[in-house]
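A.B. asks: Here the protein sequences come in this chain order: E, D and W.
Quick note: the first sequence, position 220, residue 247 per our numbering, numbers continuous.
Quick note: the second sequence, position 96, residue 97 per our numbering, numbers continuous.
Quick note: the third sequence, position 254, residue 287 per our numbering, numbers continuous.
The beta carbon of each residue, even a glycine, is placed where N, CA and C say it ideally should be.
The model shown is predicted, which means the values in this text are computed figures rather than measured ones.
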Amino acid sequence: MMKYLKILHISLTERLAYRADFFLTTFFRFLPLVTTFLLWEAIYAGAPKADDGAETTIVGFTRDKMIAYLLLVQISRMFSSMPGLATGIAHDIRDGNLKKYLLQPIDMLWYLLSYRGAHKIAYIATTALPYGILFFLFRDVFDLPGPWTWLAYFLSLILAFLIGFFFEACIGIAGFWLLEVTSFMYIVNIFTFFVSGQLFPLELLGEYPYLTAALEVLPFQYLAYFPAMVFLEKRQGTELIVGLLIEFAWAIGLLVFCRWLYHVGLRHYSAYGG
Amino acid sequence: MLLRYVNLWFSLAKFSLLGELAFRGNFLIKIFVELLWLGILLLFNYTIFQQTTSIADWNAQQYFFFIGCYFAMGGLIEMLFLDNCNQFADLVRSGDLDFFLLRPIDEQFLVSCKHVDWSCAPNIILGAVIMSLALWQIGWTFDTIQVGIFLVLFASGTALAYGFLLILMSASVWLMRNQSLFEMWWLFTTLMRYPSEIFKGPWAQPTGWFFFFVIPIMLVTNVPARVMVRPLLEPWLACYAIAAAIVVVAASRYIFRAALQHYRSASS
Amino acid sequence: MPIIEANGLSKTYRVYQKQEGLFGALVGLFSREYKDVVAVDNVSFTIEPGEIVGFLGPNGAGKTTTLKMLAGLIYPTSGSATVLGHVPWEREDAFRRRFSLVMGQKNQLWWDLPAADSFQLHREIYSLPSDQFDATLSELTELFGVKDLTSQPVRELSLGERMKMELIAALLHQPQLLLLDEPTIGLDVIAQVTIQKCLRDYNAARGVTVLLTSHYMRDVEALCKRVLVITHGKLVYDGSLAGIVDRFGNEKLVKLQFDGDDSPADVATFGEVTSREGPIVELKVDRARVPEVLAAILQRYTVADISINEPPLDRMIAKVFEQGTV
């Protein structure tokens with residue numbers, strides 16, 4: 028247990044050690060959110076007004092609820108995004124750094140998981156202020172949900188973290204076989220950006236039932252869309268339970284698959300002779 | 002002299018293709034995911050335009066042209082430069098940049114053009130197809146001059162994006178970042194993805210101006226797209242776009258050479 | 034006309050101290066301590082065309098830094114140098130066409146493609162006319178014995194084969210100067226010997242000047258008549274290999290086999306005992322004292338066998354490294 032606390036400590040120090048980098052990236056992290064906001068403003072502005080003067084809704088979201096959704100999706104991504112995880116693993120494989128995991132009594136996946144966990148805590152701590160300000164500015168769009176919803180929300184975020192981690196870890200481990208993981212990860216990230224609901228609520232694809240059904244079964248929506256919907260109380264009762272169960276299944280499933288892939292990869296790797 | 006570089010580029014492109022085809026699986030998967038992404042993007046915009054009539058004064062066909070332009074431009078940059086710029090930080094860290102410095106060839110050329118990422122080529126073609134379809138839907142009549150201006154502005158947009166990439170890449174010599182250039186490029190494309198008109202409102206407008214005129218990332222796709230589908234493109238804007246491209250490319254070369262200088266002083 | 038002239042070359046680095054702990058890291062956001070590290074200190078030498086010269090020194094001595102300065106990769110902090118008539122750090126195209134740098138364990142070739150493709154690219158980069166190129170390539174692949182391997186992807190080749198390909202690539206444009214940094218590091222003995230032989234043959238045939246750094250004595254012994262020893266950034270010796278022995282080899286190893294099953298108890302009084310096994314003893318004796326020590330032993334004891342040897346060059350050089358001064 029102590030060693031994982033130590034990892035937290037080192038992780039925080041490491042974060043502060045990157046000087047100008049630190050300020051720059053925090054600033055630029057908000058840019059996509061800003062443009063997404065503006066895009067939706069423009070969309071709502073161009074939408075035909077209802078005859079009875081009621082608020083314009085697009086796929087059941089008023090402008091306010093859309094803003095709430097976009098902010099919540101950011102929170103989900105804070106938990107589920109794993110920048111550099113896949114490329115880090117791929118690099119370790121390529122450069123032969125894997126040996127350090129094989130020789131020491133430490134398992135690569137658990138090590139990385141606790142490292143990422145610590146990194147997340149550090150990251151959340153350092154971005155708490157700007158996000159806090161943002162949420163305060165927009166506090167009117169939110170309806171605070173009840174205690175059970177909070178619990179479900181928290182659960183969905185933890186599971187989102189696990190799904191995000193093991194999904195990217197799998198891609199990183201594919202580095203045993205794929206030659207170029209970096210550019211592949213880039214494409215996957217772009218794809219995930221759209222399909223996880225970061226740009227738009229997946230309701231928008233409601234006219235295509237096959238697509239919607241497919242997305243419901245795939246893990247991507249749990250990275251951003253699902254937790255946000257939980258908080259907005261747009262998932263209730265059995266729907267909520269089923270959603271959480273699918274999310275849980277994906278977390279476990281990806282964990283198992285990831286470990287298996289790692290095993291197979293190691294066998295393949297040592298056969299090569301490094 | 003220029004011919005030598007052109008020939009060299011073709012050889013590099015050929016060898017890159019050979020290298021990529023040697024890993025067919027990788028190549029095909031990447032193209033597949035890119036097609037999926039384009040599909041979702043188109044689907045999203047198509048559905049949006051069933052709910053709304055315009056996005057920031059751009060109607061459906063105009064907006065689709067914009068998307069096609071964005072896709073083609075992104076594809077071109079990613080094919081020619083993104084991978085190479087991303088590798089630069091690794092070269093600096095490992096010291097392998099030395100080998101680029103030893104050749105009797107301009108280092109910027111070698112560093113920027115070493116690898117051509119052919120898996121992005123379909124993006125350019127698809128972007129062009131989408132643009133053509135949008136134009137056809139608008140009922141556009143062929144105008145050689147307009148196309149000519151468009152191509153010039155498209156090229157200058159590409160040059161502008163390249164210049165920015167080079168500057169970001171060179172900065173890694175001083176900052177010694179751990180993060181990949183891909184992340185920065187992704188933020189970059191965020192600004193390229195939408196018409197500048199969405200920057201409306203007291204906070205947004207100055208931000209929009211900043212990214213349109215001061216750090217003119219938005220010029221990259223906005224200007225060429227406007228030429229083709231918007232009522233009238235002010236000539237001064239076109240000139241500004243070209244001038245910005247020249248300035249940024251010149252600045253990027255200067256910064257790149259400064260970065261090399263720093264690398265050589267600090268390297269052991 | 035010397036091919037290389039170095040005068041007072043020096044290189045100092047500023048290394049920033051990273052603070053310990055969380056508080057230190059916070060402080061480090063605003064101000065940092067640094068110290069200056071001297072990598073190369075006032076190194077001067079001249080090299081004539083056609084020589085094969087070795088740079089010897091322990092790790093971190095400054096050999097690679099000096100080599101990189103001669104290649105123009107690094108600016109010196111002070112001092113001057115002329116290589117092939119050019120100032121290396123100005124990196125003129127004409128200069129870059131006339132020399133090559135190969136670094137051990139570093140790969141300049143395209144990883145996924147056959148070496149032949151890398152060679153083609155090389156031809157275009159250096160603008161070599163095709164018939165000349167074909168002839169040179171043929172000659173080199175013959176010399177290094179890798180003619181059938183050029184169409185295999187480089188990543189599938191063994192370390193030794195890869196190094197040979199690297200050297201071929203380095204020689205394709207017929208440079209007048211070849212700079213090698215630890216070329217045989219990590220290679221097995223057979224590969225090392227082959228490469229040493231190829232370099233020697235090529236130097237004999239074409240008169241290429243070769244400068245190689247190594248911390249392996251074997252490379253230097255096999256190739257170089259002249260060595261420059263660098264320790265702690267300073268040039269401590271510049272001369273023939275044989276000269277090192279004369280200068281620093283002031284001890285000899287005397288191996289004695291005594292009659293009987295054991296060596297005499299007081300054998301340590303004659304010199305430093307480096308090994309002792311039954312009747313066989315090895316002593317380290319001051320060179321000047323060898324005759325008198327031998328005489329004394331032979332007077333007292335019966336000796337079945339004697340041999341007198343130089344201590345291995347390695348050990349001598351290591352002592353030079355330790356001492357750091359002439």
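Quick check on D:F213: does DSSP put it in helix, strand or coil?
C.D. replies: Along the second sequence, read from residue 1 onward, the residue named residue 213 of chain D stands at position 212. If DSSP states are grouped into helix, strand and coil, D:F213 belongs with the helices.
A.B. asks: Beta-carbon of D:Y195 versus every beta-carbon of chain E: anything under 8 Å?
C.D. replies: What you label residue 195 of chain D is simply residue 194 of the second sequence in a count that begins at 1. D:Y195 counts as touching chain E.
A.B. asks: Could you please tell me which residues of the region 205 to 230 of chain E, in chain order, have their CB closer than 9 Å to any CB of chain D?
C.D. replies: L205, L206, E207, T209, S210, F211, M212, Y213, I214, V215, N216, I217, F218, F220, F221, V222, L226, F227
A.B. asks: In terms of residue numbering, what span does the beta strand (DSSP E) encompassing W:Q290 cover?
C.D. replies: As a working note, residue 290 of chain W is residue 257 in the third sequence. Per DSSP, the unbroken beta strand (DSSP E) holding W:Q290 starts and ends at 284 to 291.
A.B. asks: Hey, could you find the ends of the beta strand (DSSP E) E:S183 is sitting in?
C.D. replies: As a working mapping, residue 183 of chain E is identified with position 156 in the first sequence. That residue, E:S183, is in no beta strand (DSSP E); its alpha helix (DSSP H) goes 174 to 200.
A.B. asks: Where does D:Y195 sit, in a helix, a strand or coil, going by DSSP?
C.D. replies: The residue you call residue 195 of chain D lines up with position 194 of the second sequence. DSSP places D:Y195 in coil when its eight states are reduced to three.
A.B. asks: Can you tell me whether DSSP reads E:E243 as helix, strand or coil?
C.D. replies: On the first sequence, position 216 is the one that residue 243 of chain E refers to. The answer is helix: DSSP assigns E:E243 an H, G or I state.
A.B. asks: Please identify, using Cβ separations under 8 Å, the residues of the region 147 to 161 of chain W that lie next to chain D, in order along the chain.
C.D. replies: D150, Q153, L154, E157, I158, Y159, S160
A.B. asks: Using the C-alpha atoms, what's the distance from D:I247 back to D:M74?
C.D. replies: Here residue 74 of chain D refers to the residue found at position 73 of the second sequence. Here residue 247 of chain D refers to the residue found at position 246 of the second sequence. If I take the Cα positions, the gap works out to 18 Å.
A.B. asks: In the structure shown, what three-state DSSP assignment does W:V318 receive?
C.D. replies: Counting from 1 along the third sequence, the entry for residue 318 of chain W is found at position 285. Looking at W:V318 - three-state DSSP - the assignment turns out to be strand.
A.B. asks: By the 8 Å beta-carbon criterion, what residues does the region 53 to 66 of chain E contribute toward chain D?
C.D. replies: F55, L58, P59, V61, T62, L65, L66
A.B. asks: Under 8 Å by Cβ, that's how I've got D:M219 and D:S197 pegged, so tell me the actual separation to the nearest angstrom.
C.D. replies: Against the second sequence, residue 219 of chain D aligns to sequence position 218. Against the second sequence, residue 197 of chain D aligns to sequence position 196. So it is a contact: roughly 5 Å between Cβ atoms.
A.B. asks: Contact between the region 34 to 46 of chain W and the region 229 to 238 of chain W is defined here as three or more beta-carbon pairs at a separation below 8 Å; is this criterion met?
C.D. replies: no
A.B. asks: Looking at the C-beta of W:L106, does it have a partner C-beta in chain D at a distance below 8 Å?
C.D. replies: As a working note, residue 106 of chain W is residue 73 in the third sequence. Closer than 8 Å: yes.
A.B. asks: Enumerate, from N- to C-terminal direction, the unbroken beta strand (DSSP E) stretches of 3 or more residues contained entirely within the region 61 to 89 of chain W.
C.D. replies: 67 to 80, 85 to 89
A.B. asks: Just checking: is the beta-carbon of D:D118 within a distance shorter than 8 Å of some beta-carbon in chain E?
C.D. replies: The residue you call residue 118 of chain D lines up with position 117 of the second sequence. Chain E, which has a Cβ nearer than 8 Å to the Cβ of D:D118, makes this yes.
A.B. asks: Tell me whether the region 239 to 252 of chain E and the region 213 to 230 of chain E touch, counting them as touching only if at least three CB pairs, one residue from each stretch, are closer than 8 Å.
C.D. replies: Touching, per the Cβ criterion.
A.B. asks: Within 8 Å of any Cβ in chain W, is that where the Cβ of D:N85 sits?
C.D. replies: Counted from its first residue, the second sequence places residue 85 of chain D at position 84. Answer no: the Cβ-Cβ gap between D:N85 and chain W never drops below 8 Å.
A.B. asks: Would you call the CB atoms of W:K285 and W:V323 closer than 8 Å?
C.D. replies: By 1-based counting over the third sequence, the position of residue 285 of chain W is 252. By 1-based counting over the third sequence, the position of residue 323 of chain W is 290. In contact: W:K285 and W:V323 (Cβ atoms closer than 8 Å).
A.B. asks: Helix, strand or coil for D:W59? Go by DSSP, reduced to three states.
C.D. replies: Stepping through the second sequence from its first residue, residue 59 of chain D is reached at position 58. Here D:W59 sits in strand by DSSP.
A.B. asks: Work out the CA separation of E:F169 and E:W177 for me, nearest whole Å.
C.D. replies: By one-based count along the first sequence, residue 177 of chain E stands at place 150. By one-based count along the first sequence, residue 169 of chain E stands at place 142. So the alpha carbons of these two residues sit roughly 14 Å apart.
A.B. asks: Closest to E:L171 by CA distance: which of E:L281, E:V61, E:E260, E:M29 is it?
C.D. replies: Position 144 of the first sequence, counted from the first residue, corresponds to residue 171 of chain E. The option with the nearest alpha carbon to E:L171 is E:E260.
A.B. asks: Starting from W:M136, follow the alpha helix (DSSP H) in both directions and report where the run begins and ends.
C.D. replies: For this step, residue 136 of chain W is matched to residue 103 along the third sequence. First-last for W:M136: 132 to 136, but that is the beta strand (DSSP E), not the alpha helix (DSSP H).
A.B. asks: Would you kindly work out how many angstroms separate the C-alpha atoms of W:V359 and W:V76, rounded to a whole number?
C.D. replies: Position 326 of the third sequence, counted from the start, is the residue given in the question as residue 359 of chain W. Position 43 of the third sequence, counted from the start, is the residue given in the question as residue 76 of chain W. Note that W:V359 has pLDDT 45, beneath the 50 cutoff, so the model's placement of it is unreliable and the number below is only indicative. Spanning the alpha carbons of W:V359 and W:V76 requires a straight line of approximately 14 Å.
A.B. asks: Who are the near neighbours of E:D91 in its chain, counting only those whose CB is closer than 6 Å to its CB and skipping five residues on each side?
C.D. replies: Numbered from its first residue, the first sequence carries residue 91 of chain E at position 64. Excluding positions up to five away in sequence, the list reads V168.
A.B. asks: In terms of alpha-carbon separation, which member of E:N216, E:P110, E:L182, E:D119 lies closest to E:K147?
C.D. replies: Sequence index remark: in the first sequence, residue 147 of chain E carries index 120 (1-based). If we check each option's Cα against that of E:K147, E:P110 comes out closest.
A.B. asks: Quick one: what's W:T115 bridged to in DSSP?
C.D. replies: The count along the third sequence starts at 1 and reaches residue 115 of chain W at position 82. Answer by DSSP bridge pairing, in chain order: W:E38.
A.B. asks: Assuming W:P186 and W:L146 are in contact, meaning their beta carbons sit under 8 Å apart, how far apart are those beta carbons, in whole angstroms?
C.D. replies: The count along the third sequence starts at 1 and reaches residue 186 of chain W at position 153. The count along the third sequence starts at 1 and reaches residue 146 of chain W at position 113. At roughly 6 Å, the Cβ-Cβ gap stays under 8 Å, so W:P186 and W:L146 are in contact.
A.B. asks: Quick one: complete alpha helix (DSSP H) runs, 4+ long, within the region 190 to 242 of chain W?
C.D. replies: Runs of the alpha helix (DSSP H) inside the region 190 to 242 of chain W: 192 to 204, 222 to 239.
A.B. asks: Checking contacts by CB at 8 Å: is W:K139 closer than that to chain D?
C.D. replies: Against the third sequence, residue 139 of chain W aligns to sequence position 106. So yes, W:K139 belongs to the interface.
A.B. asks: Per the DSSP calculation, W:G272 is bridged to which residue(s)?
C.D. replies: The count along the third sequence starts at 1 and reaches residue 272 of chain W at position 239. W:V260.
A.B. asks: Determine, using beta carbons only, whether W:G137 and W:I218 come nearer to each other than 8 Å.
C.D. replies: Numbered from 1 along the third sequence, position 104 holds the residue referred to as residue 137 of chain W. Numbered from 1 along the third sequence, position 185 holds the residue referred to as residue 218 of chain W. Yes.
A.B. asks: Taking any Cβ of chain W, which residues in the region 95 to 118 of chain D have a Cβ under 7 Å from it, in chain order?
C.D. replies: D97, D99, F100, L102, L103, R104, P105, I106
A.B. asks: What residues of chain W sit near D:L19, judged by a beta carbon separation below 9 Å?
C.D. replies: Walking along the second sequence from the start, residue 19 of chain D turns up at place 18. The answer, in chain order, is D145, L146, D150.
A.B. asks: With a threshold of 6 Å on Cβ separation, who are the neighbours of E:L282 within its own chain once the five nearest residues in sequence on each side are excluded?
C.D. replies: To locate residue 282 of chain E, count along the first sequence from 1; it is residue 255. Cβ within range, chain order: F193.
A.B. asks: Could you tell me which uninterrupted beta strand (DSSP E) segments, each at least 3 residues in length, are contained entirely in the region 110 to 148 of chain D, listed from first to last along the chain?
C.D. replies: none
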